[in-house]
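Inspection log for the structure reproduced underneath, given as structure tokens.
In full-length UniProt numbering, the protein residues as written are 1 to 454.
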């Protein structure tokens with residue numbers, strides 16, 4: 001405890017808070033792209049079903065095609081980040097997303113739309129991996145959890161603002177979905193302009209032998225003492241480093257951290273909450289809600305998501321990562337059981353809404369932000385790019401399976417049926433976190449290299 005307090009005193013008393021938050025927020029705008037494309041499909045689905053005459057199989061594939069692109073984006077971003085730096089990867093992600101947003105808006109067939117949504121996924125996948133990793137590498141240990149959680153905050157803002165826009169565009173008629181997707185060009189261009197201003201990650205610069213440039217950035221972050229102590233830590237962690245490869249990611253010494261990263265990433269998706277986000281209209285249609293009420297519920301979900309994400313940012317460096325994850329997983333398990341019962345019994349939309357929002361609140365304070373925090377900080381410097389890539393690829397693969405299977409399972413089992421499965425998965429996740437995940441708050445990335453791997 002004394003060691004942790006010393007670390008926190010050293011970092012929190014010297015770093016340039018405004019500058020660190022500023023560059024963290026700009027990098028986290030990549031999360032806004034994630035939130036936008038994540039939410040836009042929920043509002044657009046009722047219109048897309050009509051426009052493209054979707055059956056349940058194509059509805060699931062269209063929704064999940066974003067995740068397939070994200071997998072490609074993550075694999076590409078891992079190599080790009082380790083070879084050329086974090087900044088070029090973020091700029092590439094923003095450019096791809098801008099082009100694909102317009103491509104979706106002007107699609108004249110289902111095939112073209114899915115190709116463009118797949119391309120958007122490449123940009124989202126790159127940003128979803130690089131933004132939290134960049135923030136972790138520029139943030140002092142005492143505030144790293146809060147700063148990485150800014151990425152989740154921008155995801156949530158993207159979801160809320162997009163839901164509000166979707167709700168306002170609903171009266172545009174059959175072509176409302178074109179406006180919904182086309183507006184994605186605005187945040188992507190703002191993100192691109194912001195990234196131009198960002199400094200490169202000092203940890204990557206040391207790997208690239210650009211030591212003087214890295215030192216200047218560290219001094220701007222926290223002054224001379226902070227720069228010197230951080231430089232010593234980074235150099236020790238990079239000593240005798242070989243060129244990273246995917247084989248190195250699964251070496252015995254780092255395998256425990258990689259297993260935890262992959263499992264947490266998959267659990268964040270298989271916990272089932274993204275079914276609630278992406279298929280809000282389907283869930284509430286099953287209890288008799290009209291289209292206006294369905295779109296209103298997406299807005300309510302967005303507000304609750306924002307409120308409890310702010311709560312998580314306040315607590316992640318106080319309560320710690322592990323307690324929040326344990327709380328979130330067990331609460332979700334219980335709430336899903338109640339939701340399954342309510343949906344099966346045909347309860348009122350208002351009652352279902354209460355437990356949907358409770359599920360969102362639990363997720364927003366735990367699995368949503370904390371998973372990204374842990375993935376960004378548990379891997380050694382020498383393989384962080386590739387190991388993060390592997391974990392986030394696993395996350396997007398799990399997301400695809402989740403959203404692709406839900407319409408099919410709901411058709412066969414009823415809308416309530418899949419929630420029994422998600423409840424069991426959340427319970428299993430609780431026990432994994434309890435026995436396998438270690439606390440990381442307040443420790444430098446270099447300290448964690450010797451803690452997480454044992």
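Cβ atoms here follow ideal geometry from the backbone N, Cα and C, with glycine treated the same way.
Check	Outcome
Beta-carbon gap between residue 93 and residue 124 smaller than 9 Å	yes
Top-ranked residue by Cα proximity to residue 64, from 325, 280, 402, 18	402
Residue of 112, 20, 82 minimising C-alpha distance to residue 217	20
Supposed close pair residue 329, residue 430 - CB separation, criterion 8 Å	4 Å
Straight-line gap, residue 438 to residue 322 (C-alpha atoms, nearest Å)	7 Å
Buried or exposed by the 16-neighbour rule on C-beta atoms within 10 Å, applied to residue 382	buried
Local Cβ density within 10 Å of residue 457, reported as buried at 16 or more and exposed below that	The chain is shown only over 1 to 454; residue 457 falls outside these bounds and no answer can be derived.
C-alpha gap between residue 112 and residue 105, whole angstroms	10 Å
Nonlocal neighbours in the same chain, by C-beta distance under 8 Å from residue 427, ignoring five residues either side	329, 330, 333
Beta-carbon proximity check, residue 119 vs residue 34, cutoff 9 Å	no
Inter-residue Cα distance where the pair is residue 257 and residue 373	14 Å
Cut-off 6 Å between Cβ atoms - residues of its own chain near residue 360, not counting five sequence neighbours on either side	301, 304, 305
Cβ-Cβ distance between residue 146 and residue 317 below 9 Å	yes
9 Å Cβ cutoff met for residue 221 and residue 138	yes
Nearest residue (CA-CA) to residue 202, options 441, 180, 228	228
Delimiting residues of the alpha helix (DSSP H) encompassing residue 257	255 to 270
Cβ of residue 349 within 9 Å of any chain D Cβ	The structure shown contains no chain D; it holds only a single protein chain.
Every unbroken alpha helix (DSSP H) inside the region 168 to 200 [4 residues or more]	176 to 182, 185 to 197
For residue 385, the three-state DSSP class (helix, strand or coil)	helix
Beta-carbon contacts of residue 101 that lie in its chain and below 7 Å, excluding the five residues immediately before and after	120, 181, 182, 184, 185, 188
Span separating the alpha-carbon of residue 415 from that of residue 80	41 Å
Buried/exposed call for residue 255, threshold 16 Cβ in 10 Å	exposed
Residue 219 - DSSP class collapsed to helix/strand/coil	helix
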